[in-house]
Amino acid sequence: MGIRLPRRHHHRHLCGTYAGPMLVLGENNAPVLNDIAWYGGNSSVGYKGAGWTTPKWPNQAYPGKVAGPRRIGQKKANAWGLKDMLGNLYEWTLNFTYDYPDGELVIDPTGPATGKNHPYRGGAWNHYAVQCRAAKSYEGPPTLRGNNLGFRVALVMKSGP
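No gaps in the numbering here: position 92 of the sequence shown is 92 in UniProt numbering, and each next residue is one more.
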């Protein structure tokens, strides 16, 4: 047994298990996200501490004065029992950036063994609602840092005897 970052397709699968339709459009007003994610429209609600000033953010569902990252576990869990899979912090994934094979079924793709950038996924407290979704991905070098980037570890089980 060991731990590592999840691969990008694992992260996408685990993000996409919230119940009900999840068509998220627009900037900072997406009521469908309010119970499951911190994003630009709700991240200033009750926020205490130093953070970004938010009065000029467009179309906020809940206008406020300041926002920042949140303690995990405050939003509803998805079907896997995982919280904060969307919003709050983008999460790094293990793979180097690559394109999925076109028209080819691949089980558990690992991608290239080397590269420059890693994907990060899931949306963040300071981004638009439309970016808080399982399919949205950005990429950056492993040295990239920010108050909207984090990671989640995956438990790796050894198979076989």
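Yeah, the Cβ is synthetic: ideal placement off N, Cα and C, and Gly gets one too.
Computed from a predicted model, the values in this text were never measured in an experiment.
Classification of residue i by the beta-carbon crowding that lies within 10 angstroms, buried from 16 upward
i	result
Ser-43	buried
Lys-136	buried
Thr-143	exposed
Ile-36	buried
Gln-131	buried
Ala-129	buried
His-13	exposed
Gly-123	buried
Straight-line gap, residue i to residue j (C-alpha atoms, nearest Å)
i	j	result
Lys-158	Gly-41	42 angstroms
Lys-76	His-10	20 angstroms
Thr-54	Val-66	5 angstroms
Pro-101	Ala-79	28 angstroms
Tyr-98	Gly-140	12 angstroms
Pro-6	Thr-110	11 angstroms
Trp-52	Pro-69	10 angstroms
Beta-bridge pairing of residue i - partner residues as DSSP gives them
i	result
Gly-140	His-118
Trp-52	Ala-67
Ala-154	Arg-4
Tyr-90	Leu-149
For this session: Taking only runs that begin and end inside the stretch 102-133, name each unbroken beta strand (DSSP E) of 3 or more residues, in chain order.
Result: 118-121
Exercise. Is the stretch 150-158 in contact with the stretch 83-103, if contact means three or more CB pairs nearer than 8 angstroms?
Worked result: Because the criterion of three Cβ pairs below 8 angstroms is met, the stretch 150-158 and the stretch 83-103 touch.
Problem set entry | Meets three-Cβ-pair contact criterion under 8 angstroms: the stretch 111-123 and the stretch 56-74 | no
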